[in-house]
Amino acid sequence: DVKVTQSSRYLVKRTGEKVFLECVQDMDHENMFWYRQDPGLGLRLIYFSYDVKMKEKGDIPEGYSVSREKKERFSLILESASTNQTSMYLCASSRRAPISYGYTFGSGTRLTVV
Amino acid sequence: QKEVEQNSGPLSVPEGAIASLNCTYSDRGSQSFFWYRQYSGKSPELIMFIYSNGDKEDGRFTAQLNKASQYVSLLIRDSQPSDSATYLCAVLMDSNYQLIWGAGTKLIIKP
Numbered sequence: 002d003v004k005v006t007q008s009s010r011y012l013v014k015r016t017g018e019k020v021f022l023e024c025v026q027d028m029d030h031e032n033m034f035w036y037r038q039d040p041g042l043g044l045r046l047i048y049f050s051y052d053v054k055m056k057e058k059g060d061i062p063e064g065y066s067v068s069r070e071k072k073e074r075f076s077l078i079l080e081s082a083s084t085n086q087t088s089m090y091l092c093a094s095s096r097r098a099p100i101s102y103g104y105t106f107g108s109g110t111r112l113t114v115v
Numbered sequence: 146q147k148e149v150e151q152n153s154g155p156l157s158v159p160e161g162a163i164a165s166l167n168c169t170y171s172d173r174g175s176q177s178f179f180w181y182r183q184y185s186g187k188s189p190e191l192i193m194f195i196y197s198n199g200d201k202e203d204g205r206f207t208a209q210l211n212k213a214s215q216y217v218s219l220l221i222r223d224s225q226p227s228d229s230a231t232y233l234c235a236v237l238m239d240s241n242y243q244l245i246w247g248a249g250t251k252l253i254i255k256p
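Line order of the protein sequences matches chains A and B. Just add 1 to wherever you are in the first sequence, counting from 1, and you've got the working numbering. Just add 145 to wherever you are in the second sequence, counting from 1, and you've got the working numbering.
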């Protein structure tokens, strides 16, 4: 069974902490994505990557950075966590051209910053 | 700005009835369209994909695509309480192979 695995289901961090969210996929997908999802705001793209060591800003990259050192792993970093970064974070992966398969999502990380 | 629009709902449907969910998109060049289901507190899961104009059926689910009118819809026949979820419409942009997401429609099936 193909999978996208996010390292933590629930996470509580303090304001100002550096936070790492990890995502690993076993489908040999080229593309990986980080979204956050908040009530009433839908899915918002933070960063994405089309290849190893490659990253592109999405719609809301401020306060975040990413790392993709290996094809299967895409990490989201909150440099200095703030309360407005409390959210559900979703990682997704896809083939380079997801024409008929779309994206596969991980189970999500619900992050609370206190 | 490429957009995908959905009515946020909630859409309330009696058990056993047909639930009809609609989505419109702005990019006339879009070719691939997806419906995802998301249960509360869970991540989205793909339930339907459609590429060609017309209908595509999979069990109780039917996706309908009308490219001329730029809308895609999802019909759920014999609705069950387990169908209660938020349904997300997504459109694939051929220019960069990214999915553009609607905000989702919350569906409630009442027993």
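All C-beta atoms in this analysis are idealised placements derived from N, C-alpha and C, irrespective of residue type, glycine included. Note that the structure is predicted; figures quoted are calculated from it, not measured.
Original post:
Exposed or buried, which one is A/Pro-99 when buried takes at least 16 other CB atoms within 10 Å?
Top reply: A residue is called buried once 16 or more other Cβ atoms fall within 10 Å of its Cβ, and A/Pro-99 is buried on that count.
Subject >> chain A contacts from the segment 158-181 of chain B (Cβ-Cβ distance under 8 Å) >> reply: Close to chain A, meaning a Cβ-Cβ distance shorter than 8 Å, are the following residues of the segment 158-181 of chain B: Gln-176, Ser-177, Phe-179, Tyr-181.
Original post:
Count the other CB atoms within 10 Å of the CB of B/Ser-185; is the residue buried (16 or more) or exposed (fewer)?
Top reply: B/Ser-185 should be labelled exposed.
Subject >> Those residues which DSSP pairs with B/Lys-201 across a bridge >> reply: B/Ala-208
**OP:** Taking B/Ser-188 as the query, report the chain A residues whose CB atoms sit under 7 Å from its CB, ordered along the chain.
**Re:** Leu-91, Phe-106, Gly-107, Ser-108, Gly-109
Original post:
So what's B/Pro-159 in DSSP terms, helix, strand or just coil?
Top reply: strand
**OP:** For chain A, find out if any of its Cβ atoms is closer than 9 Å to the Cβ of B/Gly-249; answer yes or no.
**Re:** Yes, its Cβ sits closer than 9 Å to a Cβ of chain A.
Original post:
If you draw a straight line from the C-alpha of A/Val-13 to the C-alpha of A/Thr-113, how long is it?
Top reply: One alpha carbon belongs to A/Val-13, the other to A/Thr-113, and they sit about 5 Å apart.
Original post:
Between B/Lys-255 and B/Ser-153, which are expected to be in contact by the criterion C-beta below 8 Å, what is the C-beta distance as a whole number of angstroms?
Top reply: Going by Cβ atoms, the distance from B/Lys-255 to B/Ser-153 rounds to 18 Å, so no, they are not a contact pair.
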